[in-house]
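There are 2 protein chains.
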Amino acid sequence: MSSYSPGETAEKSGFSIDTLRYYEKIGLLPGIARNASGRRVFSDGDLQWLGMLRCLRETGMPIAEMLRYSELARGGDETVRERLALLQDHDQRVEEQIARLREQQAQIQWKIRLYSGEICGEPAAAGAVGEGLPA
Amino acid sequence: MSSYSPGETAEKSGFSIDTLRYYEKIGLLPGIARNASGRRVFSDGDLQWLGMLRCLRETGMPIAEMLRYSELARGGDETVRERLALLQDHDQRVEEQIARLREQQAQIQWKIRLYSGEICGEPAAAGAVGEGLPA
DNA sequence: ATTTCACCTGGAGTGCGCTCCAGGTCAACG
DNA sequence: CGTTGACCTGGAGCGCACTCCAGGTGAAAT
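Chains as they are written, first to last, in my numbering: chain A, 1 to 135; chain B, 1 to 135.
Here you go:
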């Protein structure tokens, strides 16, 4: 087992068939094989690459940058340093993203505590969960 | 000090003036005051509310849901339970988001280690940082 | 043999969240 | 008094990342 139809690939990769076609069209999936009747045939390697794309995409990397990465990947071993740098930058951004989310989550949880009345026992509290909204 | 021009508000809130207008237009900023000549005047409360919106927005809440939240907030104290539920749901999603990011970051870091040669000492490793990309 | 089915193509359309624009108003400054 | 500058409005436009569509093909099932 090492080659997959578009349908299988969509299922396994989590991308829709349309997205797979789109990715191939813009150059994110270079060298996808075709069978005799012109249909795409995906390999295990393709699936692995799709996994990487998925990971980058879901961590917020824009397509333009994934494109750069995939061009580098096509470029062979001389581009390893650049690829490394790109990934390290991205890793950094993911780190910051997580940190920001944590702070914002804290703010939301503070609000939740406020709403659920776990904070301060003043009678006013029930009626004045200040939203900063005018009456 | 408790009232701000659109410009100041944009600066303090981090939203552009255009976005502030847009938010008012769609109902996310109900009851923004106007001065004699029709210009918007923002209060401290408005700024606080904008802070909340910012937090929700940046944690990935879609505008439609923020809209629901702000309608609830306008609805007074009877909606506190619903608002609480909404925020708890969102908090949950943020939690999951962070968890997913962590996993994906781990994958990226694994790749980084691979690229930086910290993994396995085989000579082949240098030339075969398998991308799953065909030659 | 014909119907079904998964797939193909190029290109148009969609949804979201803004962002920009033209044309106008008003208060303040020199 | 003229000009700046910040703001106003309604509505059009944009960038991103898909997603959908019409019309067609080729292999397989009935």
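For every residue, glycine included, the Cβ atom is placed at its ideal position computed from N, Cα and C. For clarity, every value in this text was computed on a predicted model and none was experimentally measured.
Same chain, Cβ closer than 8 Å to residue i, neighbours up to 5 away in sequence not counted
i: B/G60; result: R93, V94, Q97
i: A/P134; result: Confidence is the limiting factor: at A/P134 the pLDDT is only 42, short of 50, which leaves the residue's position unreliable, though a coordinate-based value still follows. If we look at A/P134 and ignore the five residues flanking it on each side, it has no Cβ neighbours.
i: B/N35; result: V41
i: B/E58; result: none
i: A/A106; result: none
i: B/R54; result: S13, G14, F15
i: A/T79; result: L72, A73
i: A/R68; result: L86
i: B/D89; result: none
i: A/G121; result: Only weak support is given to the placement of A/G121: the predicted model assigns it a pLDDT of 46, under 50, and the question is left unresolved by the model.
Cβ separation of residue i and residue j, assumed to be a contact under 8 Å, to the nearest whole Å
i: B/V41; j: B/S3; result: 5 Å
i: A/L72; j: A/E82; result: 5 Å
i: B/I112; j: A/L87; result: 5 Å
i: A/I108; j: B/D91; result: 5 Å
Cβ neighbours of residue i in the same chain (closer than 6 Å, five flanking residues each side left out)
i: A/P62; result: none
i: B/R8; result: The question names Arg, but residue 8 of chain B is Glu in the sequence shown. For B/E8, where only same-chain residues beyond five positions count, there are no Cβ hits under 6 Å.
i: B/L56; result: M66
i: B/R21; result: none
i: B/Q104; result: none
When the options are compared against residue i, the one with the closest alpha-carbon
i: A/G38; options: A/G14, A/Y23, A/S5, A/Q48; result: A/S5
i: A/D46; options: A/C55, A/I32, A/E58, A/L67; result: A/I32
i: A/G27; options: A/R113, A/S43, A/W49; result: A/W49
i: B/R74; options: B/T19, B/E103, B/P30, B/L114; result: B/P30
i: B/S13; options: B/G51, B/R21, B/Y22, B/T19; result: B/G51
i: B/W110; options: A/T19, A/E11, A/L84, A/E78; result: A/L84
i: B/R102; options: A/Q104, A/A99, A/E103; result: A/A99
Same chain only: Cβ atoms within 7 Å of residue i, ignoring 5 sequence neighbours per side
i: A/E24; result: I32
i: A/A10; result: S16, I17, L20
i: A/D77; result: none
Uninterrupted alpha helix (DSSP H) stretches inside the segment 13–43 of chain B (no shorter than 4 residues): 17–26
Ordered list of alpha helix (DSSP H) runs contained in the segment 32–98 of chain A, each at least 4 residues: 44–58, 63–74
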